[in-house]
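Engineer:
Numbering (this note's numbering), first residue to last: 633 to 779.
1) Below 8 Å CB to CB, which residues in the same chain sit around residue 668 once its five sequence neighbours on both sides are set aside?
2) Count the other CB atoms within 10 Å of the CB of residue 765; is the residue buried (16 or more) or exposed (fewer)?
3) Compute the distance between the beta-carbons of residue 654 and residue 702, then report whether it is under 8 Å.
4) In chain order, which alpha helix (DSSP H) runs of at least 4 residues are fully inside the region 742-771?
5) Which residue comes first and which comes last in the alpha helix (DSSP H) that contains residue 667?
6) Please classify residue 705: does DSSP put it in a helix, a strand, or coil?
7) Compute the beta-carbon to beta-carbon distance between residue 657 and residue 742, rounded to the nearest angstrom, for a pair I have assumed lies under 8 Å.
8) Residue 750 and residue 720 - do their beta-carbons sit closer together than 8 Å?
9) Since residue 759 and residue 651 should fall inside the 8 Å C-beta cutoff, what is the C-beta to C-beta distance between them, to a whole number of angstroms?
10) Taking residue 688 as the reference, which of 659, 705, 728 and 700 has the closest Cα?
11) Less than 8 Å separating the beta-carbons of residue 704 and residue 769?
12) Is it buried or exposed for residue 671, if we count other Cβ within 10 angstroms and need 16 for buried?
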């Protein structure tokens, strides 16, 4: 398949990063959904492209994965929704295309702020694992004072 037709999700993760993940807070999760939905709506009206390219360019292919992880996180009592570090590129695509196609300024600002938070989370990423085909994160170790 030519590189320009390959789905973003089919690309391999960078070496050693295939299972590095972090947890999105509920607020970050809602912001991510809002940014991706707005990008998809904007691209559907402004861009003359096929549905697969539209899904890639808006980051929409990330949503089904995150929704299944959110359900699993809720069921297990986890603090947040697991997201792989290399999946940040989906959010980057959405924000870049919002800027390129004149997305709503508020959503664009939220997208940039979200990217900053995701970059900070990525620096604290830990190994995720698959449970019944869904990415999960082990509980974070408790922070205890030295003394």
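In this text, a Cβ means the ideal position worked out from N, Cα and C, and glycines have one as well.
Bear in mind that the values here come from a model prediction, so they are computed numbers and not experimental data.
Structural biologist: This is what the structure holds:
1) Position 36 of the chain shown, counting from 1, holds the residue named residue 668. So the qualifying residues of the chain are 690, 691, 692, 694, 695, 722, 723 and 726.
2) To locate residue 765, count along the chain shown from 1; it is residue 133. Looking at its Cβ environment, which holds fewer than 16 other Cβ atoms inside 10 Å, residue 765 is exposed.
3) The residue you call residue 654 lines up with position 22 of the chain shown. The residue you call residue 702 lines up with position 70 of the chain shown. Contact flag unset, no.
4) DSSP runs (the alpha helix (DSSP H)) wholly in the region 742-771: none.
5) Position 35 of the chain shown, counting from 1, holds the residue named residue 667. Residue 667 -> alpha helix (DSSP H) spans 658-678.
6) Mapped onto the chain shown, residue 705 falls at position 73. For residue 705, the secondary structure class from DSSP, reduced to helix, strand or coil, is helix.
7) Looking up residue 657 in the chain shown gives position 25. Looking up residue 742 in the chain shown gives position 110. The Cβ separation is near 14 Å, so there is no contact.
8) The residue you call residue 720 lines up with position 88 of the chain shown. The residue you call residue 750 lines up with position 118 of the chain shown. By the CB criterion at 8 Å, residue 720 and residue 750 fall inside the cutoff.
9) By 1-based counting over the chain shown, the position of residue 759 is 127. By 1-based counting over the chain shown, the position of residue 651 is 19. About 5 Å separates the two Cβ atoms, so the contact holds.
10) Translated into positions along the chain shown, residue 688 becomes position 56. Of 659, 705, 728 and 700, the residue nearest in Cα terms is 728.
11) Position 72 of the chain shown, counted from the first residue, corresponds to residue 704. Position 137 of the chain shown, counted from the first residue, corresponds to residue 769. No, the Cβ-Cβ distance between residue 704 and residue 769 is not below 8 Å.
12) Position 39 of the chain shown, counted from the start, is the residue given in the question as residue 671. By the Cβ neighbour-count rule, residue 671 is buried, with 16 or more other Cβ atoms within 10 Å of its own.
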